[in-house]
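Line by line, the protein sequences are chains A and B.
For the first sequence, position 169 matches number 169 in our numbering, and the numbering has no gaps at all.
Take the position in the second sequence, starting the count at 1, then add 349; the result is the number in our numbering.
First comes the structure, then the notes that go with it.
Number of protein chains: 2
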Amino acid sequence: MPRSPRSSSAKGPVTIAMVAARAGVSAPTVSNAINAPEKLRPETLERVLRAIEETGYRPSRAAQTLRTRSSKLIGYGVRPTPPGTTAPVMDRFLHALSEAADDAGYRILLFASPPGGASLKGYEDLLDQHDVDGFVLSDTDERGDPRQPWLDKQGVPFVAFGRMWSKRQIGDWVDVDGAAGTDAAVEHLISLGHRKIAFLGWERGSGVGDDRAEGWQRAMRRHELPTRARRAQSADDVDAARTAVKPLLDAGATAVVAASDTLALGCYYALRERGATPGRDVAVVGFDDSPTAGILSPGLTSVAQPLEAVGRECVRLLLARMADQDAEPERVLLEPSLVIRDSTPAPDA
Amino acid sequence: MPRSPRSSSAKGPVTIAMVAARAGVSAPTVSNAINAPEKLRPETLERVLRAIEETGYRPSRAAQTLRTRSSKLIGYGVRPTPPGTTAPVMDRFLHALSEAADDAGYRILLFASPPGGASLKGYEDLLDQHDVDGFVLSDTDERGDPRQPWLDKQGVPFVAFGRMWSKRQIGDWVDVDGAAGTDAAVEHLISLGHRKIAFLGWERGSGVGDDRAEGWQRAMRRHELPTRARRAQSADDVDAARTAVKPLLDAGATAVVAASDTLALGCYYALRERGATPGRDVAVVGFDDSPTAGILSPGLTSVAQPLEAVGRECVRLLLARMADQDAEPERVLLEPSLVIRDSTPAPDA
DNA sequence: CTCGTTCATTAAATCGATAAAACGAACCTA
DNA sequence: TAGGTTCGTTTTATCGATTTAATGAACGAG
């Protein structure tokens, strides 16, 4: 078989007309061979497919979009990472998103979303100019985020990474079950023999933070362990955490579950301050499995979000929504997994 | 003035024909009002612009692309972050890229690039199907990367984040001057009174690593300080670094410049092992200003890459290349900046 | 053997923009 | 006043695909 030459090797891309000429048919027949093969006589189909193969034909998305009003594009607004925040792992999510989209014949179109309050500008632009078929949203936990209601009203398909914490639920979303993560952390610690397990969380009021606290609490209750005086809160900041965790250590906690790796690191420092060693004297579990967790010493056991799966699910839900606008909203909670490192060692054999 | 209604509020987007009808002119006149306003009589221009404003008209990119063969799209292949690696904060880069592109009327189109060897598949697809106008490449330091030669041969505009270390230079690139970064680190340490300044780097052979070593070396020479027995190498791994730095500390180094934050953290541990305190007893400087650097205690002084500026420059060079295919290749080296934290404290007053 | 079906294929129309060519009015020159 | 410019606008054609309507061949029934 002849090696299929790159379309642009000759001059300009291969058009449907060239394929048609080569196969001895008309343009619509080539189109049908791709989009409705059952309409062709098997013999014709084979001839057309061969011509497509030989010419390396790829339909022009611009022409398809113009005709069908569907761009096979999914919009995603990139927020700048606020300096100081540990929110780096978005690369993994974006890659998973791209990959899942590619597999379905879609692509991700980026636009720069302003840092402060969620503006609708970029969303309007992508809709009008690029005819995007839908959007993936992230960072949806801000209060008064206008995006979901607006997109819903416009009838534009979208899916959010992050559930809605308000009562009124709008549209589909995918989220990670934070409570299940801290619950698993507690179970792990209990299996190691710990009973005095404390929780270091953020100030109440954030959906994500309260959810993570909830998982710790329910696991403790399940094992009939007291939670009173075993819980502290702090800003997501190492120094604040170092201070906030002290009472818990004073109260004799042998293990700390933290709502973030940053908070967990605060525990490390508080322990060292009093001459104790994280992992050996007090077990510590973080949340997010940030790059930092792996390079700390001792390595920080942490709850890892399945970002690849989140990306895939986002695309799956979005495609379903695009296929049927009126379907029941689907909401997916994914289980995080515990990455066990040296900060939660097995008891001496 | 009437509030401009969202195009899709009525039914379907606003087309150029609607604007033309409203302004009492023909379609091409509207087109000219946007693309060649000097061709219109001022009075007509004003009338057309008003109609555009009132209708909220945004030209359809699909139609424009079809006609002009320019999509105003820039392709970018997202690689998955290899697990274990200190994920560079690519989000910042991507945001900057998007923002700079948006400002110039372009957008970033993602595709999933396979993890292993750089495949050309995604690049071909974006060219043929989406008519992308150019590409931004990253992770170009791999040997035998086929992308640059291939794109160059195809005559497709591209710009790389990361210079080419081989002799044969192809195309435009933007990079961060790693040598200038470590040089500045040394200067900073010298100003604090240090003289025995060691360098902890990667194994020789990587362009990036050798460059960072080079900056340290030249600064030392400039101040007539010895570099012999002040240099060690290690894999980019905390434990390896901890071991590798020992001889340097044994030799009495009072400061260590590391080729990465991971290596710098290895120094922290080596110091603690011998009862010394990073920052107080021995100064440490890292490289990349990863999120980890900020949350360590003491905070790690680190060389920060100007990722926002890199993104902007990438777009600038790419636009220039698209405007003139035959222009001389432009290569931009950006200065990193030293983020000073507590690991390099000022001497006691 | 003619006429109505069925089925595969083609011809024609269309999406929304822009480039090129045609057009017509105003103005200038001879 | 005829003829030539200049200038602004419109007409026409086009990009590459898909949708709809039309076409023609093969076939069966009457």
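Ideal placement from N, C-alpha and C gives every residue a C-beta, glycine not left out.
Residue i, enclosing beta strand (DSSP E) - first and last residue
i	result
A/V332	331-334
A/Y76	73-78
B/V606	604-607
A/I170	Run containing A/I170: none; DSSP gives neither H nor E here.
A/V339	337-339
A/V383	Outside the shown range of chain A (1 to 349) lies residue 383 of chain A, about which nothing can therefore be said.
B/Q582	580-582
A/A304	301-304
A/V285	283-287
A/A112	107-112
Inter-residue spacing [alpha-carbon to alpha-carbon] between residue i and residue j
i	j	result
B/Q566	B/R517	26 Å
A/P278	B/L612	21 Å
B/R738	B/E387	This structure gives no information on residue 738 of chain B, because the portion of chain B shown stretches from 350 to 698.
A/S113	B/M569	44 Å
B/Q324	A/A62	Within the shown structure, residues of chain B are numbered from 350 to 698, placing residue 324 of chain B beyond reach of any answer.
B/D560	B/G530	10 Å
A/V238	A/A185	21 Å
A/A293	B/A584	19 Å
A/S337	A/A213	17 Å
A/I170	A/E124	19 Å
B/R390	A/F161	50 Å
B/S409	A/P13	22 Å
A/R242	B/E403	57 Å
A/E328	B/Y618	54 Å
A/A20	B/G504	28 Å
A/G215	A/E187	10 Å
6 Å CB neighbourhood of residue i in its chain, flanking five on each side removed
i	result
B/G558	G550, W551, A608
A/R331	W173
B/V633	V605, A613, C616, P627, S692
B/P694	G628
B/A385	none
Same chain only: Cβ atoms within 7 Å of residue i, ignoring 5 sequence neighbours per side
i	result
B/H572	I539
A/L126	G75, L109, F111, V132
A/R92	L307, E308
A/R312	A96, A100
B/L682	D524, D526
B/T414	S420, D480
A/A17	A27
Residue i CB to nearest heavy atom of the ligand PLP below 7 Å
i	result
A/A253	Ligands in the displayed structure: none, and consequently the ligand PLP is not present.
Within chain A, partners of residue i - CB distance below 7 Å
i	result
B/P362	D128
B/I457	L110
B/D451	F111, A112
B/L682	Ordered by position in chain A, no residue passes the 7 Å Cβ test against B/L682, which lies about 24 Å from the chain.
B/H543	Those do not exist, as B/H543 stays about 25 Å from chain A at its closest Cβ, beyond 7 Å.
B/L614	I295
Minimum C-alpha distance to residue i - residue among the options
i	options	result
A/M164	A/P226, A/G144, A/L307	A/G144
B/Y406	B/S639, B/S380, B/D691	B/S380
B/V664	B/S409, B/D451, B/L649	B/D451
B/R456	B/F484, B/Y472, B/R390	B/F484
B/P464	B/G454, B/V427, B/D490, B/Y472	B/V427
B/S419	B/L668, B/P362, B/A533	B/L668
B/A653	B/D638, B/G643, B/V659, B/I644	B/D638
A/A251	A/D237, A/P226, A/R272, A/P42	A/P226
A/F199	A/A253, A/L300, A/D324	A/A253
B/R553	B/L666, B/T417, B/A581	B/A581
B/L469	B/D610, B/D501, B/L394, B/L443	B/D501
B/S487	B/G635, B/L443, B/A672, B/P647	B/L443
B/A372	B/S555, B/E536, B/V397	B/V397
A/R341	A/L249, A/Q325, A/S297, A/E335	A/S297
A/F158	A/D324, A/H188, A/P347	A/D324
Amino acids of chain A, ordered along the chain, whose beta-carbon sits closer than 9 Å to that of residue i
i	result
B/I383	The contacting residues do not exist; B/I383 stays about 13 Å from chain A at best.
Range covered by the alpha helix (DSSP H) that runs through residue i
i	result
A/V208	207-222
B/V508	Per DSSP, B/V508 belongs to no alpha helix (DSSP H); it is in the beta strand (DSSP E), 507-510.
B/A411	410-417
A/R195	Careful: A/R195 lies outside any alpha helix (DSSP H) and carries neither H nor E.
B/S447	439-452
A/Y268	261-273
Contacts that residue i makes with chain B (C-beta to C-beta distance below 7 Å)
i	result
A/V238	I644, S646
Under 8 Å from the C-beta of residue i: neighbouring residues of chain A
i	result
B/D630	Ordered by position in chain A, no residue passes the 8 Å Cβ test against B/D630, which lies about 16 Å from the chain.
B/P495	What B/P495 touches in chain A: nothing, since even the nearest Cβ is about 14 Å away.
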